[in-house]
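Position 121 (the sequence shown) corresponds to 121 in the UniProt record's numbering; numbering is contiguous.
To start, the structure under review is shown below, and the notes come after it.
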Amino acid sequence: MPIADILSPNAKNGGGAPSPEIGVSMGTPQGDSDLSGLIDALLDGYRLFDFGARNHRERDVVAAIQQTGLNREDVKVIKKLPLTHYRPKDALNLITCELEASGLEFFDQYLLEWPSPDSNSTAQAWDALVRAKEKNLVKSIGVCNFAPANVKRLITQSNTPPCINQIEMHPHFPQPDQLAWHTSVGITTQARMPFGRANHLLCCTVVEDIARQSNKSAGQVILRWHYQRGVLAFTRYAPKRLPHVTELRLDDFELGEDDMLRISQLALRNGRVYEGHFD
Numbered sequence: 001m002p003i004a005d006i007l008s009p010n011a012k013n014g015g016g017a018p019s020p021e022i023g024v025s026m027g028t029p030q031g032d033s034d035l036s037g038l039i040d041a042l043l044d045g046y047r048l049f050d051f052g053a054r055n056h057r058e059r060d061v062v063a064a065i066q067q068t069g070l071n072r073e074d075v076k077v078i079k080k081l082p083l084t085h086y087r088p089k090d091a092l093n094l095i096t097c098e099l100e101a102s103g104l105e106f107f108d109q110y111l112l113e114w115p116s117p118d119s120n121s122t123a124q125a126w127d128a129l130v131r132a133k134e135k136n137l138v139k140s141i142g143v144c145n146f147a148p149a150n151v152k153r154l155i156t157q158s159n160t161p162p163c164i165n166q167i168e169m170h171p172h173f174p175q176p177d178q179l180a181w182h183t184s185v186g187i188t189t190q191a192r193m194p195f196g197r198a199n200h201l202l203c204c205t206v207v208e209d210i211a212r213q214s215n216k217s218a219g220q221v222i223l224r225w226h227y228q229r230g231v232l233a234f235t236r237y238a239p240k241r242l243p244h245v246t247e248l249r250l251d252d253f254e255l256g257e258d259d260m261l262r263i264s265q266l267a268l269r270n271g272r273v274y275e276g277h278f279d
């Protein structure tokens, strides 16, 4: 079964829709290589692309879709609202301008980048995303880097809970309590930095041992660990270095309970990598 056909849990809050199980975090623009890289990624089978709050090369998606002959509905584009635009008017203006500049009719997912120190500011920004969804500018709305307390506060302030929370998550920082809470309230968890600090987990003895026994790569083992936890992981984009989807195939093997536990027990007391907000 092609990877694009394997869907993550379909969250119903905030307008959630099925998504491919592995996304691509586009990070900082890479010049002209973004377009060729996107074309390669689409041809390799990737369908979910996160452009963050500061990468404004979404127009390359339109060109890549046209050059690959895919349908727009087959490709999912994520954007994030930066803290600098949390005032409602600023938020709606930014989303409208981004769509006009990109040539897209809508964004598939739009997320608050970070909880503001001022909870009222966060609530106002969230209300702006709700209105953007009502105007069909975005299909689904969610948040990033929100602790459960931040999400609970937002839920008390709005009739529309987020469908997504994108957070740092990997075996060194598995966040089991937050993941369990997300599951209990129907929020889909998206994992940034799924391989941890500088991809060190790919060289971990435990992961390598499980990979050898499974006849899979270390990357496949970690991504399968995320997948069996119900988490959608994002791999970092790098021109000419993005693995072919077939190299990340996850649907032809399963980790046993013991292996899942061994990986989860790699958690470190100070396992979190990033204290700031993501691009």
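All C-beta atoms in this analysis are idealised placements derived from N, C-alpha and C, irrespective of residue type, glycine included.
Test item: CB-CB of residue 284 and P176 under 8 Å: What the structure shows of the chain is the stretch from 1 to 279, and residue 284 is not part of that stretch, so it cannot be assessed.
Which of helix, strand or coil DSSP assigns to K76: What you label residue 76 is simply residue 76 of the sequence shown in a count that begins at 1. Looking at K76 - three-state DSSP - the assignment turns out to be strand.
When you compare only the Cα positions, how much space is there between N85 and E113? As a working note, residue 85 is residue 85 in the sequence shown. As a working note, residue 113 is residue 113 in the sequence shown. Correcting the residue identity first, residue 85 is His in this sequence and not Asn. Answer to the nearest angstrom: the Cα atoms are 10 Å apart.
Taking the beta carbon of H226 as the centre, do at least 16 other beta carbons fall within 10 Å, making it buried, or is it exposed? Counting from 1 along the sequence shown, the entry for residue 226 is found at position 226. By the neighbour-count rule (16 or more Cβ atoms within 10 Å), H226 is buried.
Could you check if Q220 is buried or exposed, using at least 16 other CB atoms within 10 Å of its CB as the buried criterion? Sequence index remark: in the sequence shown, residue 220 carries index 220 (1-based). Label assigned to Q220: buried.
Given F253 as reference, the closest of A211, V130 and R59 once Cα atoms are compared: Position 253 of the sequence shown, counting from 1, holds the residue named residue 253. Among A211, V130 and R59, the Cα nearest to that of F253 belongs to A211.
Opposing strand residues paired with C144 [DSSP bridges]: Locating residue 144 in the sequence shown gives position 144, counting from the first residue. DSSP lists Q166 as partners of C144.
If you draw a straight line from the alpha carbon of A17 to that of K139, how long is it in whole angstroms? As a working mapping, residue 17 is identified with position 17 in the sequence shown. As a working mapping, residue 139 is identified with position 139 in the sequence shown. Only weak support exists for where A17 lies, its pLDDT of 40 falling under 50; the value from the coordinates is given anyway. Their Cα atoms are separated by approximately 8 Å.
Taking the C-alpha atoms as reference points, what is the distance between S264 and L104? By one-based count along the sequence shown, residue 264 stands at place 264. By one-based count along the sequence shown, residue 104 stands at place 104. The alpha-carbon atoms of S264 and L104 are separated by roughly 40 Å.
Hey, would you say R54 sits closer than 8 Å to P82, going by beta carbons? By 1-based counting over the sequence shown, the position of residue 54 is 54. By 1-based counting over the sequence shown, the position of residue 82 is 82. Closer than 8 Å, so yes.
Bridge partners - S25, DSSP secondary structure assignment: As a first step, residue 25 must be located in the sequence shown, where it is residue number 25. D50 and R236.
Kindly indicate which three-state DSSP category K133 falls into: helix, strand or coil? Here residue 133 refers to the residue found at position 133 when the sequence shown is read from its first residue. Of the three classes helix, strand and coil, the one that applies to K133 here is helix, per DSSP.
Please say whether G27 and Y274 have beta carbons closer to each other than 8 Å? Taking the first residue of the sequence shown as 1, we reach residue 274 at position 274. Taking the first residue of the sequence shown as 1, we reach residue 27 at position 27. Contact: no.
Expected contact under 8 Å - CB spacing of L266 and P171 to nearest Å: In the sequence shown, the residue the question calls residue 266 occupies position 266. In the sequence shown, the residue the question calls residue 171 occupies position 171. Indeed, because the Cβ distance is near 4 Å, the residues count as touching under 8 Å.
Could you say if the stretch 198-210 and the stretch 122-141 meet the contact criterion of at least three C-beta pairs nearer than 8 Å? no
So, do the stretch 178-198 and the stretch 95-102 have three or more beta carbon pairs nearer to each other than 8 Å? no
What do you reckon, are the CB atoms on V185 and S158 nearer than 8 Å? As a first step, residue 185 must be located in the sequence shown, where it is residue number 185. As a first step, residue 158 must be located in the sequence shown, where it is residue number 158. Their beta carbons are not under 8 Å apart, which means V185 does not touch S158 by this criterion.
Which one or two residues does DSSP pair with Q175 in a beta bridge? Position 175 of the sequence shown holds residue 175. DSSP output for Q175 lists no bridge partner at all.
Would DSSP call Y86 helix, strand or coil? Counting from 1 along the sequence shown, the entry for residue 86 is found at position 86. Y86: coil per DSSP, three-state reduction.
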